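S.K.: Have a look at the structure that comes next, please.
There are 2 protein chains.
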Amino acid sequence: MTAYEEFQGYFAELNDLCCVINLLTWDARTQMPPGGAAARGRQVATVTRLANERFVSDTTGRLLDAAEAEVSGEGPDSYRARSVAQAREAYTLLRRVPTELMSGIAELKMVAQQAWQEARAANDFGRFAPDLSRMVELNRRLAEAIGYQEHPYDALLQRYEPGMTAARLRGLFATLREGIAPLLARAAPGSEAVRADFLDRDYPEEQQRAFALEIAQAFGYDLNRGRLDRSAHPFEISFTRDDVRITTRYNRRYAPAALFGLFHETGHALYEQGVDPALARGPLTTDLLDLYAVGGTSYGTHESQSRLWENMVGRSRPFWQLHFAALQRHFPEQLTGVDAEAFYRAANRVRRSPIRVEADEVTYNLHIMLRVEIEMALLEGSLAVADLPAAWNAGVREYLEIDPPDDSRGVLQDIHWSTGLIGSFPTYTVGNVMAAQFFAAARRATPGLDTALARGDYAPLRGWLTENVYRHGRAYSPDELLNRATGASLDAGPYLAYLRGKYDDLFPPQA
Amino acid sequence: MTAYEEFQGYFAELNDLCCVINLLTWDARTQMPPGGAAARGRQVATVTRLANERFVSDTTGRLLDAAEAEVSGEGPDSYRARSVAQAREAYTLLRRVPTELMSGIAELKMVAQQAWQEARAANDFGRFAPDLSRMVELNRRLAEAIGYQEHPYDALLQRYEPGMTAARLRGLFATLREGIAPLLARAAPGSEAVRADFLDRDYPEEQQRAFALEIAQAFGYDLNRGRLDRSAHPFEISFTRDDVRITTRYNRRYAPAALFGLFHETGHALYEQGVDPALARGPLTTDLLDLYAVGGTSYGTHESQSRLWENMVGRSRPFWQLHFAALQRHFPEQLTGVDAEAFYRAANRVRRSPIRVEADEVTYNLHIMLRVEIEMALLEGSLAVADLPAAWNAGVREYLEIDPPDDSRGVLQDIHWSTGLIGSFPTYTVGNVMAAQFFAAARRATPGLDTALARGDYAPLRGWLTENVYRHGRAYSPDELLNRATGASLDAGPYLAYLRGKYDDLFPPQA
Numbered sequence: 140m141t142a143y144e145e146f147q148g149y150f151a152e153l154n155d156l157c158c159v160i161n162l163l164t165w166d167a168r169t170q171m172p173p174g175g176a177a178a179r180g181r182q183v184a185t186v187t188r189l190a191n192e193r194f195v196s197d198t199t200g201r202l203l204d205a206a207e208a209e210v211s212g213e214g215p216d217s218y219r220a221r222s223v224a225q226a227r228e229a230y231t232l233l234r235r236v237p238t239e240l241m242s243g244i245a246e247l248k249m250v251a252q253q254a255w256q257e258a259r260a261a262n263d264f265g266r267f268a269p270d271l272s273r274m275v276e277l278n279r280r281l282a283e284a285i286g287y288q289e290h291p292y293d294a295l296l297q298r299y300e301p302g303m304t305a306a307r308l309r310g311l312f313a314t315l316r317e318g319i320a321p322l323l324a325r326a327a328p329g330s331e332a333v334r335a336d337f338l339d340r341d342y343p344e345e346q347q348r349a350f351a352l353e354i355a356q357a358f359g360y361d362l363n364r365g366r367l368d369r370s371a372h373p374f375e376i377s378f379t380r381d382d383v384r385i386t387t388r389y390n391r392r393y394a395p396a397a398l399f400g401l402f403h404e405t406g407h408a409l410y411e412q413g414v415d416p417a418l419a420r421g422p423l424t425t426d427l428l429d430l431y432a433v434g435g436t437s438y439g440t441h442e443s444q445s446r447l448w449e450n451m452v453g454r455s456r457p458f459w460q461l462h463f464a465a466l467q468r469h470f471p472e473q474l475t476g477v478d479a480e481a482f483y484r485a486a487n488r489v490r491r492s493p494i495r496v497e498a499d500e501v502t503y504n505l506h507i508m509l510r511v512e513i514e515m516a517l518l519e520g521s522l523a524v525a526d527l528p529a530a531w532n533a534g535v536r537e538y539l540e541i542d543p544p545d546d547s548r549g550v551l552q553d554i555h556w557s558t559g560l561i562g563s564f565p566t567y568t569v570g571n572v573m574a575a576q577f578f579a580a581a582r583r584a585t586p587g588l589d590t591a592l593a594r595g596d597y598a599p600l601r602g603w604l605t606e607n608v609y610r611h612g613r614a615y616s617p618d619e620l621l622n623r624a625t626g627a628s629l630d631a632g633p634y635l636a637y638l639r640g641k642y643d644d645l646f647p648p649q650a
Numbered sequence: 140m141t142a143y144e145e146f147q148g149y150f151a152e153l154n155d156l157c158c159v160i161n162l163l164t165w166d167a168r169t170q171m172p173p174g175g176a177a178a179r180g181r182q183v184a185t186v187t188r189l190a191n192e193r194f195v196s197d198t199t200g201r202l203l204d205a206a207e208a209e210v211s212g213e214g215p216d217s218y219r220a221r222s223v224a225q226a227r228e229a230y231t232l233l234r235r236v237p238t239e240l241m242s243g244i245a246e247l248k249m250v251a252q253q254a255w256q257e258a259r260a261a262n263d264f265g266r267f268a269p270d271l272s273r274m275v276e277l278n279r280r281l282a283e284a285i286g287y288q289e290h291p292y293d294a295l296l297q298r299y300e301p302g303m304t305a306a307r308l309r310g311l312f313a314t315l316r317e318g319i320a321p322l323l324a325r326a327a328p329g330s331e332a333v334r335a336d337f338l339d340r341d342y343p344e345e346q347q348r349a350f351a352l353e354i355a356q357a358f359g360y361d362l363n364r365g366r367l368d369r370s371a372h373p374f375e376i377s378f379t380r381d382d383v384r385i386t387t388r389y390n391r392r393y394a395p396a397a398l399f400g401l402f403h404e405t406g407h408a409l410y411e412q413g414v415d416p417a418l419a420r421g422p423l424t425t426d427l428l429d430l431y432a433v434g435g436t437s438y439g440t441h442e443s444q445s446r447l448w449e450n451m452v453g454r455s456r457p458f459w460q461l462h463f464a465a466l467q468r469h470f471p472e473q474l475t476g477v478d479a480e481a482f483y484r485a486a487n488r489v490r491r492s493p494i495r496v497e498a499d500e501v502t503y504n505l506h507i508m509l510r511v512e513i514e515m516a517l518l519e520g521s522l523a524v525a526d527l528p529a530a531w532n533a534g535v536r537e538y539l540e541i542d543p544p545d546d547s548r549g550v551l552q553d554i555h556w557s558t559g560l561i562g563s564f565p566t567y568t569v570g571n572v573m574a575a576q577f578f579a580a581a582r583r584a585t586p587g588l589d590t591a592l593a594r595g596d597y598a599p600l601r602g603w604l605t606e607n608v609y610r611h612g613r614a615y616s617p618d619e620l621l622n623r624a625t626g627a628s629l630d631a632g633p634y635l636a637y638l639r640g641k642y643d644d645l646f647p648p649q650a
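Chains A and B supply the protein sequences, listed in that same order.
For the numbering used here, add 139 to where a residue sits in the first sequence, where the first one is 1.
For the numbering used here, add 139 to where a residue sits in the second sequence, where the first one is 1.
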């Protein structure tokens, strides 16, 4: 056995353990009876601890040293060299973080999620504040342990979006906000006249599921290597590329929630199912920082694929011109007297809502900007947790010109902070921006792509994405991947052009 | 932390890993998309290897030494002392078995199951013979490694039924065969006149499920700590007492398959759900020899509970007198003109069938005797694998006076040997025998038990079983448990009395 093969075998088992953690998580969210929760928490904790001990052990260091020597002559496109480099990077970072800090965050998560749920149900921020303060403090210590040049936020961002910094985000957000403002100013009032009464009818779950699954399969989701379940919060999760599962939730009174939610998760799933089989069970399909079996190179890159398939494909006019008839076959009574254009317009209304997960494409990023501003301030210490609700409400007013009705639908609406995620929100916006870059590049490279999409042939788009994004797993950093695939670094231009093209058509500027 | 607490914490994590193996298995059999099978096999192998390495390590030995010193003064009823003793026993046994032998069996299982499936589908024993020969050889080596006094079979039996031996089985089987023969001679011809046409009607799955689940809950199955799924082969599996899952399969043309199958699995589940919470995550809810999270003290004891609830309760006349009306509500058309007595009689027909899983209570143990005789002969070397089909057919003729139509429905019908199980078949019969002993003891100890059962009050029976069997988990050996609960060792008497009582009534001897 060569040194690389030994390294590979060792990480294959680590990936197995990460897949096991993913399965324990999937089962807990979709199948587990309520009574099993406490035992499940301990099972997850045990496997996570074993995997973590294994990864940060001296053995890993020795295997890395030997494997590095073996692959040192190989070029930058070698998956072997990339595997070793990725593992080394994560190893170096995690070895800097004290074990008790990681386990402290893991323990706090359990308590904090419970506190957050109770606080949200009772509309009482005070119940969550103490745990949130501790979570901010632990993340501040985490940032110090990881290390950074300019801003502690930069350190946390490395976990989710390698190469991203607070400074780059500020520039990106300023550009986006400027570009979005005029669209919002027209689209929000314009949307008030858009007919949408037919969305609020009784849409039985079984038909929602059937239609959405037809589309998911048309996009290319392979049910021989996947399955669809119901869960409180939709998600995608994988246990190698050969078992990639998605979930959704159904709202009988509002079918678009499940439909677009499922298109979104399908985008994530196509990424995972499209990873090169040669990368299976290796560091390039493992998020070693989070001990998570995942093939996408960053949160943002992953989100770019869910957004691309959900919005740029699934929320487009050609899509509904083609598929509305099928939707109508599933819901003949609910959609009597509605046509494709009316459905398309209803699905693209722009509204100033206080709730992020209900936001349309125009307002979505404003929700993110608010959250990122607040996370940075909390981490800097320039904002105290006690002052957070006021800062939140002021931010919503500033960005969206509305007031949240209460804290439950304001500062308490997102689960992220209670689960220890600080620094992950930007990746939603990074995903939107990258999606437009990838989509534009695919169009340039693929003559006839729009024609193919209009007739429901998704193979050319999926093929380009597989070739340029999916198959590489975590081999390249987001910046490398973007440059290789599109010839450019992260750039808000294509995304703003996409939004303008869509919303100028829907809500034309006054001539 | 005391030495015992350290021991406890260590084994709690081992139990977590065993629960994880169980979940990987459950998911593979009930939820996993087909494409995921290969990756799943590797995940199971990795966790099993880690758990095994952990258990047979020197660390375990040190922890055991220290814990033994701490609990040495405690009486035989102390769960602490029992935990340490159980762990020591399994540790001593497994340390005698070379690691490569265990992994050899594990690897062969994967290949052999595939070969068995193909052989059965093609009715071609030759395709399975080479793997079966290797499996017998590895089990022979396993028996030598474990050690035995009289017969190599004794060594293998220790894995499934501690305290059982080939000699004891031979005596038990002789008694049973003698007692069963006259019943079979009357019941088989008598059954030809029993009306059963209504069993072969269209029974939709949803109603089968609804009725069976009503009964399972009436028996005491707690769905807050369990769930029911569909699988190719019915089974029960647990991840601690707080998450105990059962499965069944539905035959639209033969409702009893799913109903009695579900009563059977419910019996297993009641055992697991009834384990004392104090034993959770400890050696007394872990089969350390097989790295399986399970609360029952042996295969036979576990089977005694599935048989008791399936047959002695669920296949009894009082049961159907009470519940037939509900069954009829679920299937009004299928059961028109049928009454409780007719259904009871149809469900208790006795037929000489070549298929074990279709066997009734009278012929079932004859199928087992045949298999055990063959297993012993294979292990001794007095029967060669090449001669197995002929020996099988001769045995079926001897025990059942029929000829199997082909090898698929003969020597190839059971999965057990291909999965490495040699020595587990006797536990089915041991389970039947123990079931009758427990049931008789419960009756003696519980005045009014029959009246309670007749009105569908299963709490007194479940209560006695919980108190005397379930709560102890694996604390006592099968012999100890039987003696504590019933005042006697394994004894065919109550079982034969039960069979005679039932079948003399159904098929009376000529006066």
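The beta-carbon is built from N, C-alpha and C at its ideal position, and this holds for glycine as well.
Treat the numbers as computed from the prediction; the structure is a model and nothing was measured.
Quick one: does A/Glu-239 have its CB under 8 Å from some CB of chain B?
M.R.: no
S.K.: With 8 Å as the threshold, decide whether the Cβ of A/Gln-182 is near any Cβ in chain B.
M.R.: Yes, contact with chain B.
S.K.: How should B/Ser-330 be labelled, buried or exposed, when 16 other C-beta atoms within 10 angstroms of its C-beta is the threshold for buried?
M.R.: By the neighbour-count rule (16 or more Cβ atoms within 10 Å), B/Ser-330 is buried.
S.K.: Within the same chain, show all residues whose beta-carbon is closer than 6 Å to that of A/Ser-557, passing over the 5 residues directly before and after it, in chain order.
M.R.: Excluding positions up to five away in sequence, the list reads Ala-251, Gln-252 and Trp-255.
S.K.: With DSSP as the reference, label B/Arg-168 as helix, strand or coil.
M.R.: helix
S.K.: Leaving aside the five residues before and after B/Asp-361 along the sequence, list all residues of the same chain whose C-beta is less than 7 Å from its C-beta, in chain order.
M.R.: Gln-412
S.K.: Thinking B/Leu-277 and B/Gly-243 are a contact (beta carbons under 8 Å), I'd like their distance in whole angstroms, please.
M.R.: 6 Å
S.K.: Taking Cβ-Cβ distances below 8 Å as the criterion, which residues of the region 415–431 of chain B are in contact with chain A?
M.R.: Ala-419 and Arg-420
S.K.: Using the Cβ count rule (16 or more neighbours within 10 Å means buried), how would you classify A/Arg-392?
M.R.: Residue environment analysis places A/Arg-392 among the exposed positions, since fewer than 16 neighbouring C-beta atoms fall within 10 angstroms of its C-beta.
S.K.: Is the distance from the Cβ of A/Gly-421 to the Cβ of A/Trp-448 below 8 Å?
M.R.: no
S.K.: Step through the CB atoms of chain A and report whether any lies within less than 8 Å of the CB of B/Leu-367.
M.R.: no
S.K.: Report yes if the CB atom of A/Leu-518 is closer than 8 Å to the CB atom of A/Val-275, and no otherwise.
M.R.: Contact flag set, yes.
S.K.: Does DSSP classify B/Val-608 as helix, strand or coil?
M.R.: coil
S.K.: Looking at A/Leu-311 and the ligand ZN, is the gap between the Cβ and the nearest heavy atom below 7 Å?
M.R.: Only the bare structure without any ligand can be found here, which leaves the ligand ZN out of the picture.
S.K.: Considering only residues of the same chain and omitting the five flanking positions on each side of A/Pro-528, which have a CB-CB separation below 6 Å?
M.R.: Phe-264, Asp-546 and Val-550
S.K.: Closest to B/Arg-266 by CA distance: which of B/Ala-258, B/Arg-273 and B/Ser-222 is it?
M.R.: That would be B/Ala-258, whose Cα lies nearest to the Cα of B/Arg-266.
S.K.: State yes or no: is the C-beta of A/Ala-432 within less than 8 Å of the C-beta of A/Thr-440?
M.R.: no
S.K.: Of all Cβ atoms in chain A, is any one closer than 8 Å to the Cβ of B/Gln-356?
M.R.: No, no contact with chain A.
S.K.: Contact between the region 309–325 of chain B and the region 498–505 of chain B: three or more CB pairs below 8 Å?
M.R.: yes
S.K.: Based on DSSP bridge pairs, tell me the residues matched to A/Arg-384.
M.R.: In the DSSP output, where bridge partners are listed per residue, A/Arg-384 has A/Arg-366 and A/Ile-376.
S.K.: Show which residues of chain A have a CB atom less than 9 Å away from the CB atom of B/Leu-156.
M.R.: Gln-182, Thr-185, Val-186 and Leu-189, listed in chain order.
S.K.: Excluding the 5 residues flanking A/Pro-287 on each side, which residues of the same chain have their C-beta closer than 6 Å to its C-beta?
M.R.: Looking at the sequence itself, residue 287 of chain A is Tyr, so the reference to Pro does not match. Hits under 6 Å: Asp-293 and Ala-294.
S.K.: Whose CA, out of B/Ala-177, B/Phe-194, B/Pro-457 and B/Tyr-538, lies closest to the CA of B/Ile-492?
M.R.: Inspection of the sequence shows that residue 492 of chain B is occupied by Ser rather than by Ile. The shortest Cα separation from B/Ser-492 among B/Ala-177, B/Phe-194, B/Pro-457 and B/Tyr-538 belongs to B/Tyr-538.
S.K.: My output table needs one value for A/Asp-426: the three-state DSSP class, helix, strand or coil.
M.R.: strand
S.K.: Measuring straight from C-alpha to C-alpha, what distance separates A/Arg-369 and B/Gln-473?
M.R.: 34 Å
S.K.: Per DSSP, B/Ala-593 is paired with what?
M.R.: Note: B/Ala-593 sits in no beta bridge, so no partner.
S.K.: Could you compute how far the alpha carbon of A/Gly-640 sits from the alpha carbon of A/Asn-450?
M.R.: 13 Å
S.K.: Beta-carbon separation of A/Thr-590 and A/Trp-603 under 8 Å?
M.R.: no
S.K.: Assign A/Ala-580 to buried or exposed, taking buried as 16 or more other Cβ atoms, counted over all protein chains shown, within 10 Å of its Cβ.
M.R.: buried
S.K.: Using 8 Å as the cut-off, can you tell me whether the region 566–581 of chain A makes contact with the region 619–630 of chain A, which would need three or more C-beta pairs spanning the two stretches below that distance?
M.R.: yes
S.K.: Determine whether the Cβ of A/Leu-296 lies closer than 8 Å to any Cβ atom of chain B.
M.R.: Closer than 8 Å: no.
S.K.: Checking contacts by CB at 8 Å: is B/Arg-348 closer than that to chain A?
M.R.: no
S.K.: For A/Leu-635, which residues of its own chain have a beta-carbon under 6 Å away from its beta-carbon, when the five flanking residues on both sides are left out?
M.R.: Gly-318
S.K.: Quick one: residues in its chain with C-beta nearer than 6 Å to the C-beta of B/Ala-151, no 5 flanking neighbours on either side, listed in chain order?
M.R.: Arg-420
S.K.: How far does the alpha helix (DSSP H) with B/Pro-321 in it reach, from first residue to last?
M.R.: 305–330
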